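**Student:** Sending over a structure as structure tokens; questions will come in a sec.
Number of protein chains: 2
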Amino acid sequence: MALNTKEQLLEVGLSMLLKHGYNDLGIQALLEATGVPKGSFYHHFGSKEDFALQVVDRYMQEVHQGLEAALQDQTLQPLDRARRFFELSREKYRQDGHLGCMLGALGQELSGVNPTFARKIENCFSVVTRHIAECLEEARQQGQLAPDADPVELANLLLNCWEGAALRSRLLRDPAPLDRMLDFYFAAATRDA
Amino acid sequence: MALNTKEQLLEVGLSMLLKHGYNDLGIQALLEATGVPKGSFYHHFGSKEDFALQVVDRYMQEVHQGLEAALQDQTLQPLDRARRFFELSREKYRQDGHLGCMLGALGQELSGVNPTFARKIENCFSVVTRHIAECLEEARQQGQLAPDADPVELANLLLNCWEGAALRSRLLRDPAPLDRMLDFYFAAATRDA
DNA sequence: TCTCCTAGACCGACCGGTCTATTCAGAATA
DNA sequence: TATTCTGAATAGACCGGTCGGTCTAGGAGA
Chain B
1 MALNTKEQLL EVGLSMLLKH GYNDLGIQAL LEATGVPKGS FYHHFGSKED
51 FALQVVDRYM QEVHQGLEAA LQDQTLQPLD RARRFFELSR EKYRQDGHLG
101 CMLGALGQEL SGVNPTFARK IENCFSVVTR HIAECLEEAR QQGQLAPDAD
151 PVELANLLLN CWEGAALRSR LLRDPAPLDR MLDFYFAAAT RDA
Chain V
1 MALNTKEQLL EVGLSMLLKH GYNDLGIQAL LEATGVPKGS FYHHFGSKED
51 FALQVVDRYM QEVHQGLEAA LQDQTLQPLD RARRFFELSR EKYRQDGHLG
101 CMLGALGQEL SGVNPTFARK IENCFSVVTR HIAECLEEAR QQGQLAPDAD
151 PVELANLLLN CWEGAALRSR LLRDPAPLDR MLDFYFAAAT RDA
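The listed protein sequences correspond, in order, to chains B and V.
Each residue of the first sequence is one higher than the one before, counting from 1 in full-length UniProt numbering.
Each residue of the second sequence is one higher than the one before, counting from 1 in full-length UniProt numbering.
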């Protein structure tokens, strides 16, 4: 049952962390929600911070699933693959109740005081942009983007703007800002291809 | 001294809130930093939440100063006025140690559980976009933007993307994402004017 | 004196984390 | 196969510290 218990803590912890953020999530509340006793929690995790970092890892597993599903889809043009990834993310946000992106939320909450988390989240962003940049480079080679376009910078822009739209979507509990942002970005990026 | 005490709490509270966020900011720490006794705090503020909401009001006063300084500058073209506002904001972030925008940080941290804050922050964003939209409408009329451009939507896009860049800037303690985002946005917005 | 504000001791609740006892599946031994 | 052994996992009482908030007393200006 050990694996199940840990998995359950991570899974329920993921949704609670998304809603409450880090500091507003009490261990006790998590244990009550899962029915897991405290001893088990501290058997599997060294501390609350360790736990949260592992939740982020789990979150990133899902992100990578989305990246793979979208960016490896050979039936789409490279640029459409990139857009597809964010549309998949939008659907995930919808399932979670329009709470936006956990990386953005934890990044904002913790990066002012906790360098470990700041590095962790920035590293996650950097990994995602790397994949997207590869995809955009392919788009550039196929003429979907201007020949002098910088895929790495374009990928960072895309992700950053997405995170801003995700914040607004969280505030409004409405996915509309996400779509508006994608429309604007892809129209702008392709205009002078 | 009453006014001074309250002002001091708001001012020091502003910088501490920016760095720590809401839940990680203890009343006690604020009182130690200001030398104000607890009784005074609860004389001026009904609760921690009330205090934080007033800090946001104070933050918005500064935002409005920036809006006025930039958007009323008749020596600039309308579109340059809008850009100027964000450049002023960027300079403010720099002074604060590249911690980004307090609205974005509090919005991310609290909007999952606290509807009062969610509404408050969303309202702040909405007020800012309204001013920017007016400015963009002027730009449209002067031919700096396409005749069929939607100033309200463009203003929301601009602010949302800015907030995303501000998050990344906070993570990296580096203003570069802010400038990249402005370059991209204004190039895109003006291209088909 | 009356009102506003300062002053800080004090409160119960809750926080993250520790500790010890117990359970239990499976390896080891015969 | 029956028994013992062992370590991982469960279980929750318990800890000191800190949290936001209350209360009462004192001081200052009208």
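Where is the CB? At the ideal position from N, CA and C, for every residue including glycine.
Bear in mind that the values here come from a model prediction, so they are computed numbers and not experimental data.
1) Determine the direct distance from the alpha carbon of GLY164/V to that of MET102/V, and round the result to whole angstroms.
2) CB LEU66/V to CB LEU88/V, shorter than 7 Å?
3) Mind checking whether PHE184/B and LEU79/V have CB atoms under 7 Å apart?
4) Determine whether the beta carbon atoms of GLU109/B and GLY21/B lie at a separation below 7 Å.
5) Can you pull out the residues from the UniProt DNA-binding region "H-T-H motif" (26-45) of chain V whose beta carbon lies closer than 8 Å to at least one beta carbon of chain B?
6) Taking ILE132/B as the query, report the chain V residues whose CB atoms sit under 8 Å from its CB, ordered along the chain.
7) Are the Cβ atoms of CYS135/B and ALA82/B separated by less than 7 Å?
8) For a contact defined as C-beta to C-beta under 9 Å, what are the partners of PRO177/B on chain V?
9) Just the chain B side, please: which residues come within less than 7 Å of ASP24/V by C-beta, in chain order?
10) Determine the direct distance from the alpha carbon of LYS19/B to that of VAL113/V, and round the result to whole angstroms.
11) Which residues mark the beginning and the end of the alpha helix (DSSP H) in which TYR22/B is found?
12) Counting C-beta neighbours from all protein chains within 10 Å, is the total for ASN4/V 16 or more, i.e. buried, or is it exposed?
13) Please look up how many angstroms separate the CB atoms of VAL56/B and LYS120/B, rounded, as I've assumed it's under 8 Å.
14) For ARG94/B, which residues of its own chain have a beta-carbon under 8 Å away from its beta-carbon, when the five flanking residues on both sides are left out?
15) On the CB-based measure, 16 or more other CB atoms within 10 Å of its CB, does ASP50/V come out buried or exposed?
16) Alpha carbons only, please: which of ALA149/B, VAL128/B, SER126/B is nearest the one belonging to GLU137/B?
17) Measuring CA to CA, which of SER169/V, PRO151/V, GLU7/V, ARG180/V is closest to ASP96/V?
18) For ARG191/B, go through chain V and note every residue whose CB falls closer than 9 Å to its CB, in chain order.
19) What number of angstroms, rounded off, separates the C-alpha of HIS44/V from the C-alpha of PRO37/V?
20) In the DSSP assignment, the alpha helix (DSSP H) including GLY100/V goes from what residue to what residue?
21) For a quick check, are the C-beta atoms of LEU171/V and GLY107/B less than 7 Å apart?
22) Buried or exposed for PRO115/B, please, with buried defined as at least 16 other CB atoms from any protein chain shown within 10 angstroms of its CB.
23) Exposed or buried, what is THR129/V when buried is set at 16 or more other beta-carbons lying within 10 Å of its beta-carbon?
24) With a threshold of 7 Å on Cβ separation, who are the neighbours of LEU154/V within its own chain once the five nearest residues in sequence on each side are excluded?
25) Helix, strand or coil: how does DSSP classify VAL113/V here?
26) Given a cut-off of 7 Å, decide if ARG58/V and LEU31/V are closer than it, judged by their beta-carbon atoms.
27) Which whole runs of the alpha helix (DSSP H) in the region 3-63 of chain B are 4 residues long or more, in chain order?
28) Measure from the C-beta of LEU14/B to each C-beta in chain V and report whether the shortest distance is under 7 Å.
29) At what residues does the alpha helix (DSSP H) containing ASP183/V begin and finish?
30) Would a check of beta-carbon distances place GLN108/V closer than 7 Å to chain B?
31) Within 10 angstroms of the Cβ of ALA69/V, are there 16 or more other Cβ atoms? Answer buried if so, exposed if not.
32) Answer with buried or exposed for GLN61/V, where buried requires no fewer than 16 other C-beta atoms within 10 angstroms of its C-beta.
33) Using only CA atoms, which one of PHE41/B, VAL152/B, GLY26/B lies nearest to GLN8/B?
34) DSSP three-state call for ARG173/V: helix, strand or coil?
35) Between GLU11/B, LEU167/B, LYS6/B, which has its C-alpha nearest ALA118/V's C-alpha?
**Tutor:** According to the structure shown:
1) Answer to the nearest angstrom: the Cα atoms are 13 Å apart.
2) Reading the sequence as shown, one finds Gly at residue 66/V and not Leu. Closer than 7 Å, so yes.
3) Going by beta carbons, PHE184/B and LEU79/V fall outside the 7 Å limit.
4) Less than 7 Å separates the beta-carbon of GLU109/B from that of GLY21/B.
5) Cβ contacts with chain B: none found.
6) Ordered by position in chain V, no residue passes the 8 Å Cβ test against ILE132/B, which lies about 14 Å from the chain.
7) Yes, they are a contact pair.
8) By Cβ distance, chain V contributes ASN156, LEU157, ASN160.
9) Neighbourhood of ASP24/V in chain B, by CB distance below 7 Å: ASN23, VAL113, in chain order.
10) Roughly 7 Å between the two C-alpha positions.
11) First-last for TYR22/B: undefined, no H or E at that position.
12) Classification of ASN4/V: exposed, given that the 10 Å Cβ count is below 16.
13) About 6 Å separates the Cβ atoms of VAL56/B and LYS120/B, confirming a contact at the 8 Å cut-off.
14) Once the five neighbours on either side are set aside, the close Cβ partners of ARG94/B are PRO175.
15) Exposed: under 16 other Cβ atoms inside 10 Å.
16) When C-alpha distances from GLU137/B are compared across ALA149/B, VAL128/B, SER126/B, the shortest belongs to ALA149/B.
17) The candidate whose alpha carbon is nearest that of ASP96/V is SER169/V.
18) Per Cβ cutoff of 9 Å: ALA188, ARG191, ASP192.
19) Here the C-alpha atom of HIS44/V lies approximately 11 Å from the C-alpha atom of PRO37/V.
20) Annotation for GLY100/V: no alpha helix (DSSP H) segment contains it, and DSSP assigns it neither H nor E.
21) Yes.
22) Only exposed fits PRO115/B, as fewer than 16 other CB atoms lie within 10 angstroms of its CB.
23) By the 10 Å Cβ count, THR129/V comes out buried.
24) LEU136, ALA189, listed in sequence order.
25) Residue state, collapsed to three classes: coil.
26) Contact: no.
27) Listed in chain order, they are 27-34, 38-44.
28) Chain V, which has no Cβ nearer than 7 Å to the Cβ of LEU14/B, makes this no.
29) Residues 176-191.
30) Using a CB distance cut-off of 7 Å, GLN108/V counts as an interface residue toward chain B.
31) Classification of ALA69/V: exposed, given that the 10 Å Cβ count is below 16.
32) Exposed.
33) Of PHE41/B, VAL152/B, GLY26/B, the residue nearest in Cα terms is PHE41/B.
34) Residue state, collapsed to three classes: coil.
35) Comparing Cα positions, the closest option is LEU167/B.
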